[in-house]
Every structure is written in structure tokens, then in C-alpha cells.
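Read through the structure below, which is laid out as C-alpha cells, and then see the notes.
Residue numbers (full-length UniProt numbering), protein chains in the order written: chain R, 1 to 295; chain A, 1 to 348.
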């Protein structure tokens, strides 16, 4: 069981937690046909200096007149004053976000959510498994681990997607491969539905045997569709990964971000969670005790 | 707690006193229901009612309200101004519901919009007599000892006025000649007899104290839930009328001249179809049974874990207003009966 201190994230500071900070789009670059990565900087540099987040946390991005959407931060938590969001064009607001150009201003509030308990990852090997858009929050963990390389044991990252054209941050990971190998970081990229010349074929769970890290003394962070979690859990436990050190991050409809609006609630009865303040990162115990989490 | 006597002939004067202190709201009959409305004409006020359509939540989380306003120069919060809204006629269940909302909105993470509206509100409770839909003896919310500013118990010739806050005391002190703090033994006798009569007039009880554990343990018994899921119209009436339902949605609206935008918050309901839909149209709760499960487990069990008590105050609004009879009474009874059947068969 995780400790209480990690269970819930209470945002603080402002009088009105719904107030947004102005952020300027510095750069937009296309990842795939559907996904773009946006680099934001705080207009007020004082705010930017003090604005810190943890890997796995999210922000509410607000476009006046269109709406607000919760988006995971995908850049390293070690960099201060700016951050990146990887956004898929999936709905009304994100379609509008995709029209943003450098120089445009948006509203940001957050960070929200508990994020990954990175201090618990220290001193252990790290296995990251991402499927599809799950690479966005895990990239934040991955870059954080690289920035704090000395705190971790061996690191393996598995990035998977249905098609080559949907594989997020594939070029970036490929470009890092040499540096990564020198630092004992293993990068596995796999595509499930087509044969691609430079990639493995099959689901992430099928390539767990290629992972070089020692399962004992390892932490696992998963992000992908809930279906993937089920098969991953079975495999990982079979391979002697400690279930107490498996963390997943979930997606829900998070409208307010601070546990008021009720849309992101999960589970039933006493094991009731709001994904926005009790999550979005949950551990194996939460998954087992909260029905409906992996739906 | 300070307690006073207010004679019935002084009651109109008391109402005018309240009107001087702020905007007075109270129960008014409109067509086939009662609701808390602004009182300009005191003769419209009626205290002989069981429940209003919406509880006190309409004062603190109105069905729809603006939270932010954007224009070219920037954004500003739309927080109501300082004003006093006095609502008279709230029943004990309404006050209990307000206490539950307070825990959520004014707990560790405070909601500024709720906070301001709550600070502006003065609650003057009023005693009530139950009808067949009232379940508050089962939920333990038939009596109230705090959470109000003033509470009036209507007896034969006078009102017993309970003072619950300094705001309430301030109202009393501004017109002290109306109130008498000498409570005689015969007054106490009259109050006790009235309270006992009231207790005896409750017709409906449900096995509420068992419900938290039952809804938890029965969670996977889909056929029990399906009997309600199949009937449910997903209309959201139960959430609208429930005094503790507070889920909200946020929407942006561009005004007609397109220079200004308002961000509006509106009540939402977990029984509505789109409630758990995320980007890419994935729905976490596609069927009605799942959404009803959410509604009832949240109300009856989850709140205990989070706030120490269930979120049902037994006001009977869902019993009165659900068009297909899915309410805390029928749900509790159906589950309890299903368990009783098994007990009979297995002789447990």
C-alpha cells in the first residue's frame, strides 16, 4: 500500500484555483498526423520560475470561448519556466488547439494530479511501458530519469503503437539510442499492426522478455489503454516484478481538476477515487481494490 | 445555543425584520410544487409544505451561473457581490444537505464561487411534519443541531427560536423586544410532546443503516441493478432535485458580438449519457446500469469514506420526482428484499 502522503495532491497557493496563468506558445511541432507537441512559456516569468510539477501531472489548458481540457505534461520536470504538451486532435477543444501558432496565448492552470512518486523510484531499476498516447506522460518520467540518471538503476523504455505513423516520439527515441546505450538505458520500440523495417512487431507485453533489467528491485510505470494494463499485470507478476511497485496512469474526464465537479470519479464504495486529485497515477493496490478502474 | 420564544402574533414583524436585513427567500407554491423564491409579498409565504423542488443548493450552486468573463483585455472572475440572502423555511434535511455540501466545497480545497455564495447566505430553518415519502428518520437527519443561523420550531402559540450562529444572534439582538428568552416548563412540555408526535407520524422507514455495506457488497450483482437500469430514463431528475448532488459541467459561450466570452458552470448528473465520455468518444460508463451504480454507491457508501456520513438526507425528493420510481427507497428495499429472500431460503 502506498503512503497517505502520496495518495492525494492538494493544489495550493492561489485564492481562486480556477484562475489561469497566461502562457505563450513558443513552438509547435508535428509528431504524427494527429499529434502535435506544443512548447509553452509563462508570460509572467516570475510565475514560470516558481511553477514546478512532477512527472505524471497534468494541466488544464484553457482557450476562452472554446473550453478547457486536461493534458499531461510531457517534458522533463527538471526544466523550469517552460513545458511541453503533446496533444492529439480528438475533440472540439483539441482541434482548436491544433490551430495554435507560435506567439498565441493560452491559459494554463495546474499542475494537478498526484504524479508518479519519483522518490520511490530512486535506487531501483525502472521499466517504462507506453502504448499509443501513453508515451506523453511517460516521456516526462523518462526525461526526468535521464536528468537524474545517478538516482536510478538500469532503465528500459518500451514504446508501442498500432502503426509506425502513430508511434509518438519515435524519432526522438531513435536519436537518443547511442547516448542511451552508453548510459545503460534500453529503448524498445514496437508496432502492433504492421511490419515496419526498424521496429519490432507485436504488443509491448510480448517484448518483456527482451527487457534487460532485473525484475527484482524494479519499478514499473505503465501508460496506455486499460486493456493493456490487464495483460501487462499478469505478465509482470509472472516475471517476478513486485506488484507493489507497478504504477499506472489513467485517463478520465477531468473537468475541474480539483475534485469538485465529479466527472472523473472511479470505483465504488470506500475505494472511491477522483482521478484528478487521488490520481491519475494509481498503484496495483488501487487497481485491485477499485472496481471499474480498468474499464 | 441560545433559545428564544417568538409569539405567533409577532411573526409578521419578524419577517419584516428579515426583509430589512437582506433579500428574503422562502417557500412559495407554484403550480404543483413548492420552491424557494424571492419574497416581495409576505402573504405568498407558506410553511405548510413538505419539500421544495430543489433544496438549498440552488443558492450555493445555482443550476447555471457564470464563473469567468473574458474579453480582449483579459479575464475576470464573476464572483457574486457582498449581499445578504436570507432563506426562511429550510427543513432539517435541507440543512443537513447544506452541511454535506460545505464539507465538499469548503474542505481542504476551497471553491471560491461556492464560498462567496455560502457566506452571503443566512439560513432560517423551520420545523416540518413528514409525509409518506420522508425518509429522514431512517437516515438520521430528522433533527438538526447546527448548520443553521436560526431555526424555528412552530408550536401552538409561539415559535421556539434556536440560534445557531452569530449571524443569527445578530438578527435577534437587533430587535430584542420581539423575543423572550424565558422558556417555561410548560413550553418545554409542549415542545417535547410536539416532537414525539412528529416522530410518531413518520410512515416510511428503510434499512438505511445497512445500505452502505449492502451497496458495496452487491456491486457485482448485475441483475439486481439491471432491474433499475432497464427502467431508468437517464433524465437526470434525481440529481437535479437531490439536495446533495453537486456535480457540475463547465462550458464556454461566445457572446453574440463575438468579443466576449463567458464561462458558465451548470449542474450535471452522473445519470446523463455523456457524463463519463472522454476525448476520442470513449465512454467509461456506456450503459444506464453502470451510471445508476455510480449514483447509488457514491451517495450511500462513498461519502462515508470521504466525509463520514452518507450523502442521502432522506428528504424524499427522488421518491417524489423520479418519473419511473427509481429512488433511494425502492433501491434500498429491492436490495434488502433480495437478501431477505436468500435468508429465508437458506434459513440464515
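Ideal Cβ positions, reconstructed from N, Cα and C, are used throughout, including at glycine.
First and last residue of the uninterrupted alpha helix (DSSP H) at residue 211 (chain A):
Taking the first residue of the second chain as position 1, residue 211 (chain A) is located at position 211. Bounds of the alpha helix (DSSP H) holding residue 211 (chain A) are 211-217.
Check the C-beta distance from residue 87 (chain A) over to residue 59 (chain A) and give it rounded, since I have them as a contact under 8 Å.
Reading the second chain from its first residue, position 87 is the one you call residue 87 (chain A). Reading the second chain from its first residue, position 59 is the one you call residue 59 (chain A). Right, the Cβ-Cβ distance comes to about 6 Å (below 8 Å), so this counts as a contact.
Three CB pairs or more closer than 8 Å across the segment 62-82 of chain A and the segment 91-98 of chain A
The segment 62-82 of chain A is not in contact with the segment 91-98 of chain A.
For residue 254 (chain R), name the three-state secondary structure that DSSP assigns.
Here the question's residue 254 (chain R) lines up with position 254 in the first chain. Residue state for residue 254 (chain R) is assigned as coil, using DSSP reduced to three classes.
Can we say the segment 124-136 of chain R touches the segment 220-227 of chain R, given the rule of at least three CB pairs closer than 8 Å?
Touching, yes, given that three or more Cβ pairs across the two stretches are closer than 8 Å.
Proximity below 8 Å, CB of residue 115 (chain A) to CB of residue 106 (chain A):
As a first step, residue 115 (chain A) is located in the second chain; it is residue number 115 there, counting from the start. As a first step, residue 106 (chain A) is located in the second chain; it is residue number 106 there, counting from the start. Going by beta carbons, residue 115 (chain A) and residue 106 (chain A) fall inside the 8 Å limit.
Cβ-based neighbour list, residue 225 (chain A), same chain, cut-off 6 Å, excluding 5 preceding and 5 following:
Numbered from 1 along the second chain, position 225 holds the residue referred to as residue 225 (chain A). Cβ within range, chain order: 289 and 293.
Please report the distance separating the alpha-carbon of residue 1 (chain A) from that of residue 149 (chain A).
Counting from one through the second chain, the residue named residue 1 (chain A) turns up at place 1. Counting from one through the second chain, the residue named residue 149 (chain A) turns up at place 149. Their backbone Cα atoms lie some 11 Å apart in a straight line.
Which bits of chain R does residue 248 (chain A) rub up against, with CB to CB less than 8 Å?
Residue mapping note: residue 248 (chain A) aligns to position 248 of the second chain, counting from 1. By Cβ distance, chain R contributes 255, 256, 260, 261 and 262.
C-beta neighbour in chain A for residue 119 (chain R), strict 8 Å
In the first chain, counting from the first residue as 1, residue 119 (chain R) sits at position 119. So no, residue 119 (chain R) is outside the interface.
Output yes if chain R places a C-beta closer than 8 Å to the C-beta of residue 97 (chain A); else output no.
Locating residue 97 (chain A) in the second chain gives position 97, counting from the first residue. Closer than 8 Å: no.
Are residue 319 (chain A) and residue 133 (chain A) close, meaning C-beta to C-beta below 8 Å?
Taking the second chain and counting its residues from 1, one reaches residue 319 (chain A) at position 319. Taking the second chain and counting its residues from 1, one reaches residue 133 (chain A) at position 133. Going by C-beta atoms, residue 319 (chain A) is nearer than 8 Å to residue 133 (chain A).
Three or more C-beta pairs closer than 8 Å, one from the segment 134-153 of chain R and one from the segment 112-124 of chain R: is that the case here?
Yes, since at least three Cβ pairs between the segment 134-153 of chain R and the segment 112-124 of chain R fall closer than 8 Å, the two stretches touch.
Which residues in the same chain have their Cβ closer than 7 Å to the Cβ of residue 71 (chain A), if we skip the five residues on either side of it in sequence?
Against the second chain, residue 71 (chain A) aligns to sequence position 71. Closer than 7 Å at the Cβ level, and outside the excluded window around residue 71 (chain A), lie 259 and 260.
Determine the chain R residues that contact residue 109 (chain A) at a beta-carbon separation under 8 Å, and present them in chain order.
On the second chain, position 109 is the one that residue 109 (chain A) refers to. Residues of chain R passing the Cβ test: 10, 11, 17, 258, 259, 260 and 277.
Leaving aside the five residues before and after residue 4 (chain R) along the sequence, list all residues of the same chain whose C-beta is less than 8 Å from its C-beta, in chain order.
Residue numbering aside, residue 4 (chain R) sits at position 4 when the first chain is read from its first letter. No answer about residue 4 (chain R) holds up, because its pLDDT of 44 lies below 50 and its placement is not dependable.
Suppose the cutoff is 8 Å on Cβ atoms and the five residues either side in sequence are ignored; what does the same chain contact list for residue 9 (chain R) look like?
Numbered from its first residue, the first chain carries residue 9 (chain R) at position 9. These residues qualify, in order along the chain: 57, 112, 113, 114, 115 and 277.
Can you name the start and end residues of the beta strand (DSSP E) that residue 223 (chain R) belongs to?
The count along the first chain starts at 1 and reaches residue 223 (chain R) at position 223. It spans 218-223 - the beta strand (DSSP E) in which residue 223 (chain R) sits, taken as one unbroken run.
Chain R partners of residue 252 (chain A), CB-CB under 7 Å?
The residue labelled residue 252 (chain A) in the question sits at position 252 within the second chain. Per Cβ cutoff of 7 Å: 64, 65, 66 and 67.
Using a Cβ-Cβ distance under 8 Å, would residue 165 (chain R) count as near chain A?
In the first chain, counting from the first residue as 1, residue 165 (chain R) sits at position 165. So, not an interface residue.
Measure the alpha-carbon distance for residue 8 (chain A) versus residue 143 (chain A) and round it to whole angstroms.
Along the second chain, one-based indexing puts residue 8 (chain A) at 8. Along the second chain, one-based indexing puts residue 143 (chain A) at 143. C-alpha separation (whole angstroms): 22 Å.
Does any C-beta atom of chain R lie closer than 8 Å to the C-beta of residue 336 (chain A)?
Within the second chain, the letter at position 336 stands for residue 336 (chain A). Interface annotation, residue 336 (chain A): not in contact with chain R, CB-CB separation never under 8 Å.
Specify, as a first and last residue, the run of the beta strand (DSSP E) that residue 138 (chain R) falls within.
Here residue 138 (chain R) is taken as the residue at index 138 of the first chain, counted from 1. Residue 138 (chain R): not part of any beta strand (DSSP E); member of the alpha helix (DSSP H) spanning 135-147, first to last residue.
What's the C-alpha gap between residue 188 (chain A) and residue 139 (chain A)?
Along the second chain, one-based indexing puts residue 188 (chain A) at 188. Along the second chain, one-based indexing puts residue 139 (chain A) at 139. Distance between the alpha carbons of residue 188 (chain A) and residue 139 (chain A) is about 26 Å.
Starting from the N-terminal side, write out each stretch of the beta strand (DSSP E) that is 3 residues or longer and does not extend beyond the segment 129-215 of chain R.
You should have 155-161 and 185-191.
Excluding five sequence neighbours on each side, which residues of the same chain lie with their C-beta closer than 8 Å to the C-beta of residue 45 (chain R)?
Here residue 45 (chain R) is taken as the residue at index 45 of the first chain, counted from 1. Here the set comprises 81.
Along the segment 292-317 of chain A, what residues have a CB closer than 8 Å to any CB found in chain R?
Contacts with chain R (Cβ-Cβ distance below 8 Å) from the segment 292-317 of chain A involve 293, 294, 297, 298, 301, 302, 304, 305 and 306, listed in chain order.
Proximal residues to residue 263 (chain R) (C-beta, below 6 Å), its chain only, five neighbours per side dropped:
In the first chain, residue 263 (chain R) corresponds to position 263, counting from 1. Taken in chain order, the residues that qualify are 253 and 255.
CA-CA distance, residue 254 (chain A) and residue 108 (chain R)?
For this step, residue 254 (chain A) is matched to residue 254 along the second chain. For this step, residue 108 (chain R) is matched to residue 108 along the first chain. A direct Cα-to-Cα measurement between residue 254 (chain A) and residue 108 (chain R) gives close to 19 Å.
Out of A:306, A:200 and A:20, state which residue places its alpha-carbon closest to the alpha-carbon of residue 84 (chain A).
Numbered from 1 along the second chain, position 84 holds the residue referred to as residue 84 (chain A). If we check each option's Cα against that of residue 84 (chain A), A:20 comes out closest.
Using a threshold of 7 Å, is the CB atom of residue 160 (chain R) nearer than that to any non-hydrogen atom of the ligand NAP?
Ligands are entirely absent from the displayed structure, and the ligand NAP is therefore not among its contents.
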